[in-house]
Amino acid sequence: MRNDYETPEKTRERLRQEELENNPFGHMNGGNGRSQYGLVDLVGSLGWKGTVVLIIVIIVGLIIAQYF
């Protein structure tokens with residue numbers, strides 16, 4: 236039983252990867268299909284703590300850019 240040892244995040248990612256592999260028209264999407272999942276993949280791989288740090292870095296970057 237794989238589900239006993241997988242976290243929910245890993246299970247979602249595994250199912251998403253399996254769906255992409257089994258989709259016969261997946262190659263037709265090309266870059267368009269990948270571009271819409273960019274932020275979702277980033278946030279999913281970081282977890283909630285990484286997402287908070289990313290948001291703080293973006294806010295600080297915007298504040299610094301406002302003065303220059």
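The numbering of the sequence shown is the numbering used here, which starts it at 236 and goes up by one.
For glycine and all other residues, C-beta sits at the position ideal for the given N, C-alpha and C.
If you're wondering where the values come from, they're calculated on a predicted model, not measured in any experiment.
What is the DSSP secondary structure of residue i, counted as helix, strand or coil?
i	result
Asn257	helix
Tyr240	coil
Indicate whether residue i and residue j have their beta-carbon atoms separated by less than 8 Å.
i	j	result
Leu289	Leu297	no
Gly279	Glu241	no
Could you give the distance in angstroms between the alpha-carbon of residue i and the alpha-carbon of residue j?
i	j	result
Val287	Phe303	25 Å
Val292	Thr246	29 Å
Ile299	Leu277	24 Å
Tyr253	Gln301	A small correction: the amino acid at residue 253 is Glu; Tyr does not occupy that position in the sequence shown. Their Cα atoms are separated by approximately 44 Å.
Gly285	Leu255	26 Å
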